[in-house]
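Those letters in the sequence shown? Residues -18 to -1, 1 to 457, by mature numbering (1 follows the signal peptide of the UniProt record, and there is no 0).
Worksheet: the structure to be examined is printed underneath.
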Amino acid sequence: MKTALWTTWLSSLPVLRGSTFLEKRDGDTRVVALPIQGTRSINPARRHRLRRRGSFAAALDNEETMYFMNATIGTPPQPIRLHLDTGSSDLWVNTPSSGNCLVHTDQCELSGTYVANDSSTSQYIGSYFNISYLDGSNAEGDYVSDTVTVGSQQLDRLQFGIGYGSSSAQGILGIGYEINEVQVGRAHMEAYRNLPSRMVEEGLIQSRSYSLWLNDLYANRGSILFGGVDSGKYEGQLQTLPIQSETGIFAEFMVTLTGIELRNRTIGDKHMALAVLLDSGSSLTYLQDDMVKEIYTALGVHWTSTELVGYVPCSLAQERIDLTFNFSSPRIAVPMNELVLEIVTDKGDRPTFADGAPACLFGIAPAGHGTNVLGDTFLRSAYVVYDMDRNQVSLAQTRFNSTVTKVQGIAAAGMNGTNGVPGATLVTNPVTATSGLVGYNAAGMGPKNAGGHGVSAMGRRWVLGLSFLVSLSGW
């Protein structure tokens, strides 16, 4: 789905800051923690991917809800800010000589760039890095390897892409299944070991797993915990679901959504078994059109067919209303203030409806023919453990702004079907998806639907390339 909602960069992006590091040994299990941060997005609904793009804990900066972590690459180290993306699998960075960075110098300087010739440890691999997006944006260039440092942990000869041709100023840290790498899909080569696998190989963590805690919309930071789980960051019981395979191949973090509830009414099919993608690289949540129409009608969301998104009075954020997502057994309640997103015009003004009421963007949009995606507007309300070794996802209600830390490591995987996440219980008789799976393309181009919506996380004050909003039509 492509939208005509354009945004511009704001000038107050944070400067690059160093990550904090935590390593914990739990018996023989290691965990590593890093901070993740947030920043404003270039475009809220633009980046529809053609390629669905111990423990190690990283803090996630969340100034404006594009979640990223800081790293350095090369010798001497070159600072880079990387957009954290569970929906893709490649790490790639910009170079200052790319066409995009030559035009948008300030943006690239804020995000950081990499010059291979300035690093004594850079090694060329091949000129077949090429990732594309449905709106025509892309990044292409070389695969290289170099020393990458996150927190205090150094990984030598880690493979990544350099965007000599790029239409985005923000580098990406894809941490999904290796089968989704560009090297597999486009070059038809064997997968390389991406960041989670290299952490296991180096003995930093015991399993290809991580826990994601984005925190609330207005928080400054969240965290990612590689190889571990933090029971201080969620409420109730952590419950484990199987990842849904696509024609027998585990390629993406697809789980089965079995129901949505709003104001004590069921949205959509009462016997829903819909595959949805858990994607931190998507700012919005995308659901089947008929379901979105029901939600819009119930909440009075104004739909614009030209922009393919909905708007609501900003006062809706004050309503004590939850949208609850069911997954066989786990239930995640998303409060309305996580779904109502402030916007400003490119002149810095607050857009309004015809009656003068301030207009805000609603955080759920129709998927059209694309993949159903639970993006950041959902993920902020959930504590999610991604386990690629066991092909499982564990979910619990998040604990916003928690300062409690209770970290345990996730042990190396045994047989699939066993639960390696401390404190989690396996869901009994989980529902298998009957719709929403697009299948995996055996020809090597990845998921047939190309992962649907790899949308960069938008800021909590969205910037519209419109001078004002006048009247907004209904659905």
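Glycine residues also receive a C-beta, built at the ideal position from the N, C-alpha and C atoms.
Whole-angstrom distance between residue j and residue i, CA atom to CA atom
i: Arg180; j: Gln141; result: 10 Å
i: Met(-18); j: Ile277; result: With a pLDDT of only 33 at Met(-18), under 50, the local geometry of the prediction cannot be trusted, and the value read off the model is given with reservation. When rounded, the distance between both Cα atoms is 19 Å.
i: Asp198; j: Gly123; result: 36 Å
i: Thr385; j: Asp358; result: 21 Å
i: Asp72; j: Phe111; result: 10 Å
i: Thr380; j: Tyr216; result: 4 Å
i: residue 534; j: Tyr146; result: Past the edges of the chain, shown from -18 to 457, lies residue 534, and the structure says nothing about it.
i: residue 458; j: Gln226; result: Residue 458 cannot be examined here, being either before or after the span of the chain that is shown, -18 to 457.
i: Leu321; j: Leu305; result: 9 Å
i: Leu194; j: Val366; result: 5 Å
i: Leu177; j: Ile157; result: 7 Å
i: Val258; j: Ala378; result: 17 Å
i: Leu16; j: Pro412; result: 32 Å
i: Gly214; j: Leu298; result: 30 Å
i: Gly338; j: Ala364; result: 34 Å
i: Arg31; j: Gly218; result: Interpretation of Arg31 is limited by its pLDDT of 39, a score under 50 that renders its predicted location unreliable; no figure is taken from the coordinates.
i: Ser134; j: Leu207; result: 14 Å
i: Val97; j: Ile249; result: 50 Å
i: Lys388; j: Val211; result: 8 Å
i: Thr57; j: Thr103; result: 6 Å
i: Ala341; j: Gly185; result: 50 Å
i: Phe344; j: Tyr293; result: 5 Å
i: Val14; j: Gly209; result: 7 Å
i: Gly352; j: Asp331; result: 33 Å
i: Tyr49; j: Tyr192; result: 15 Å
i: residue 472; j: Pro78; result: The question about residue 472 has no answer, for the chain in this structure spans -18 to 457.
i: Ile18; j: Ser205; result: 5 Å
i: Met285; j: Lys275; result: The identity of residue 285 in the sequence shown is Trp, whereas the question assumes Met. If I take the Cα positions, the gap works out to 9 Å.
i: Asn319; j: Ser101; result: 45 Å
i: Ile107; j: Gly143; result: 10 Å
i: Thr334; j: Glu324; result: 11 Å
i: Gly405; j: Gln221; result: 9 Å
i: Ser262; j: Ser376; result: 15 Å
i: Gln390; j: Gly230; result: 31 Å
Neighbourhood of residue i by C-beta, 6 Å cutoff - its chain only, sequence neighbours within 5 removed
i: Ala347; result: Leu266, Tyr268 and Val291
i: Arg139; result: Ser127
i: Arg302; result: none
i: Leu356; result: Val258, Leu260 and Thr267
i: Ala121; result: Trp74, Ile113, Gly145 and Ser148
i: Pro317; result: Asp304
i: Leu451; result: Any reading at Leu451 must be qualified, since the residue scores a pLDDT of 41, below 50, and its modelled position is unreliable; the value itself is stated next. Correct list, in chain order: Pro333 and Ala341.
Own chain residues within Cβ distance below 8 Å of residue i, not counting five before or after
i: Asp271; result: Pro348, Ala349 and Gly350
i: Asn383; result: Asn197, Asp198 and Ala201
i: Arg175; result: Gln141, Glu160 and Glu183
8 Å contact criterion, which residue i and residue j should meet: CB distance rounded
i: Thr68; j: Ala255; result: Not quite, the Cβ-Cβ distance comes to about 22 Å (not below 8 Å), so this is no contact.
i: Ile55; j: Asp128; result: 6 Å
i: Val409; j: Ser311; result: 5 Å
i: Asn162; j: Ser70; result: 6 Å
i: Ile113; j: Val164; result: 5 Å
i: Cys90; j: Ala151; result: 5 Å
i: Ile154; j: His65; result: 5 Å
Where residue i sits in the DSSP three-state scheme
i: Ala167; result: Note that residue 167 is Gly in the sequence shown here, rather than Ala. Reduced to three states, the DSSP call for Gly167 is helix.
i: Val274; result: helix
i: Leu73; result: strand
i: Phe111; result: strand
i: Met181; result: helix
i: Asp88; result: helix
i: Ile303; result: coil
i: residue 463; result: No answer is possible for residue 463: it lies beyond the span of the chain, which begins at -18 and ends at 457.
i: Ile161; result: helix
i: Thr288; result: coil
i: Asp138; result: strand
i: Ser265; result: coil
i: Glu320; result: helix
i: Ser79; result: coil
Contact set for residue i: own chain, Cβ-Cβ below 7 Å, skip 5 residues either direction
i: Gly402; result: Ser189, Asp369, Arg372, Ile392, Ala393 and Ala395
i: residue 458; result: Residue 458 lies beyond the residue range present for the chain, which begins at -18 and ends at 457; the question has no answer from this structure.
i: His86; result: Ala151
Reference residue i, options the options, closest by Cα
i: Glu234; options: Ala15, Leu419 and Pro17; result: Leu419
i: Ala239; options: Asp251, Asp212, Phe232 and Tyr174; result: Before going further, note that residue 239 is Leu rather than Ala in the sequence given. Measuring from the Cα of Leu239, the nearest candidate turns out to be Asp251.
i: Ala53; options: Arg12, Cys83 and Thr95; result: Thr95
i: Ala280; options: Leu361, Ser262, Ile154 and Asn246; result: Asn246
i: Phe307; options: Glu160, Leu92, Ile242 and Glu183; result: Ile242
i: Val130; options: Val274, Pro59 and Asp88; result: Pro59
i: Arg168; options: Ser109, Pro224, Thr288 and Glu183; result: Ser109
i: Met171; options: Tyr125, Glu228, Asp100 and Ala315; result: Tyr125
i: Glu183; options: Leu137, Leu223 and Pro224; result: Leu137
i: Ile187; options: Glu160, Arg12 and Ser417; result: Arg12
Chain C contact for residue i (CB, 8 Å cutoff)
i: Leu92; result: Although the question refers to chain C, the structure presented lacks it and comprises just one protein chain.
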